[in-house]
Amino acid sequence: MMASFFDQFASPSFAGLPLIAIALTFPWLLFPSTSLKWLGNRFETLQSWFINRFTNQLLLPLNQEAHKWALLYVSLMIFIISLNMLGLLPYTFTPTTQLSLNMGLAVPFWLATVIIGLRNRPTHALGHLLPEGTPTPLIPMLIIIETISLFIRPIALGVRLTANLTAGHLLIQLIGTAVFVLFPIMTTLSLLTGLVLLLLTILEVAVAMIQAYVFVLLLSLYLQENV
1372 MMASFFDQFA
1382 SPSFAGLPLI
1392 AIALTFPWLL
1402 FPSTSLKWLG
1412 NRFETLQSWF
1422 INRFTNQLLL
1432 PLNQEAHKWA
1442 LLYVSLMIFI
1452 ISLNMLGLLP
1462 YTFTPTTQLS
1472 LNMGLAVPFW
1482 LATVIIGLRN
1492 RPTHALGHLL
1502 PEGTPTPLIP
1512 MLIIIETISL
1522 FIRPIALGVR
1532 LTANLTAGHL
1542 LIQLIGTAVF
1552 VLFPIMTTLS
1562 LLTGLVLLLL
1572 TILEVAVAMI
1582 QAYVFVLLLS
1592 LYLQENV
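Residue numbers for the sequence shown follow our numbering, so the first one is 1372 and each next one is one higher.
Now the structure itself:
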């Protein structure tokens, strides 16, 4: 029995070995690899349709040079969605509720877009730090503000994903505990609370998908500024 509601976010371990590595590799086993057959099964067809639609939606505003990032971003999207959805199952651990993991995903992708911008278009990349037509007395202050906002981007990516998933899991556990506590005392109220729990679970499924999409969408917007 958990001593605290926040114990569900503690990284589990077995024989002194953290199980987060297994949790990170398991989602890839759920997606079938493409076969050499002319026709695939329904799941492969649905998977291909979803990937094509998402790729078109994500990379439509980007230029041709940014399309080489399509495979990487789509893989990241599927990976995060899988981790978020698997974390909603009973007796499972959600790695994306760990800020360290989310920052480990956000910082390298953000840093890659910045480095590419400084290498290929340094004038354009540095021009984002100072808007055109800025009064001379405000130039040092705006450069400092824009630099801070640039370095806050990966922090915002990681914290947003962590906070939304953590809040949803806490609400589910709180309401689920209330259902079991109220059932022997007030059965009707417990059933109504169970209905709220069901609706919240459906909402959390949507949040798990939307947050993964927002994470990758913001990365694509950062890439658009530097490519």
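For each residue, glycine too, the CB sits at the ideal point set by N, CA and C.
- In this chain, the alpha helix (DSSP H) harbouring A1496 covers P1493 to G1498.
- For the pair P1389 and L1536, the Cα-to-Cα distance works out to about 21 Å.
- For T1564, the enclosing alpha helix (DSSP H) covers residues T1558 to N1597.
- Cα atoms of Y1584 and T1468: separation of roughly 16 Å, rounded to the nearest angstrom.
- Contact between L1590 and F1480 holds: their C-beta atoms lie close to 5 Å from each other, under 8 Å.
- For T1505, the CB contacts under 7 Å within the same chain, skipping 5 residues up- and downstream, are L1513 in chain order.
- Under the three-state reduction of DSSP, L1388 is assigned to strand.
- Counting the other Cβ atoms within 10 Å of the Cβ of V1567 gives fewer than 16, which makes it exposed.
- Straight-line measurement puts the Cα of V1445 at about 29 Å from the Cα of L1570.
- For the set V1485, E1415, T1463 and I1546, the Cα lying nearest the Cα of L1563 is the one of I1546.
- Taking the Cα positions, R1492 is about 8 Å away from V1598.
- Under the DSSP assignment, N1427 falls in the alpha helix (DSSP H) whose first and last residues are R1413 to L1430.
- Taking the CA atoms as reference points, V1576 sits about 16 Å from P1466.
- Linking F1551 to Y1593 through their CA atoms gives a straight-line distance of about 46 Å.
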